[in-house]
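Undergrad:
Residue numbers (the numbering used here): 4 to 128.
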């Protein structure tokens, strides 16, 4: 699992990985993604990290949630997206929180200041 500090870095890395591993496409035409998946992580130190994936077929997922498919996935692949818009559309309940190194859960740990803050924000919703 590769995590990136910005959404843009995560999408760029996913694009490169997709081009390297996709079976479709050729030297003249790159492969066409049909699905874009994304996952947001809150690390123990409070840093936000992102993971992104592109797939040739819809319905595939490794570690992320499906965010866009079809032409919308292709637009993100082509760099035609607004990271602010994607951030705003991200559902907070889908964010994974690090409890200990490498262990992520949907609820923030309550034994840290960041966890307490996140839990308070969650309760306010």
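Using N, Cα and C, we set each Cβ at its ideal position, and we do this for glycine too.
For residue 38 versus residue 9, is the C-beta spacing smaller than 8 Å?
TA: No; because the gap between Cβ atoms is not below 8 Å, this pair is not in contact.
Undergrad: Have a look at 45, 40 and 92 and flag the residue whose alpha-carbon is nearest the alpha-carbon of residue 14.
TA: Among 45, 40 and 92, the Cα nearest to that of residue 14 is on 40.
Undergrad: If contacts are defined as beta-carbon pairs under 8 Å, then residue 59 and residue 34 qualify, I think. What distance do you get, rounded to the angstrom?
TA: Their Cβ separation, rounded to whole angstroms, is 6 Å, which keeps residue 59 and residue 34 in contact under 8 Å.
Undergrad: Considering only DSSP beta bridges, list what residue 53 is partnered with.
TA: Answer is 7 and 43, bridged to residue 53.
Undergrad: Please report the distance separating the alpha-carbon of residue 71 from that of residue 7.
TA: Those two C-alpha atoms are separated by around 19 Å.
Undergrad: Measuring straight from C-alpha to C-alpha, what distance separates residue 49 and residue 101?
TA: The alpha-carbon atoms of residue 49 and residue 101 are separated by roughly 9 Å.
Undergrad: If you reduce the DSSP assignment to three classes, tell me which class residue 37 lands in.
TA: Residue 37 falls in the coil class under three-state DSSP.
Undergrad: Going by Cα to Cα distance, which pick from 111, 78, 44 and 73 is closest to residue 5?
TA: Measuring from the Cα of residue 5, the nearest candidate turns out to be 44.
Undergrad: Distance, Cα to Cα, residue 79 vs residue 113?
TA: Cα to Cα, residue 79 sits roughly 35 Å from residue 113.
Undergrad: Report the residue from 87, 56 and 77 whose alpha carbon sits nearest the alpha carbon of residue 24.
TA: Minimum Cα distance to residue 24 is reached at 56.
Undergrad: Under the assumption that residue 86 contacts residue 11 (Cβ atoms under 8 Å), give the Cβ distance between them as a whole number of angstroms.
TA: Right, the Cβ-Cβ distance comes to about 6 Å (below 8 Å), so this counts as a contact.
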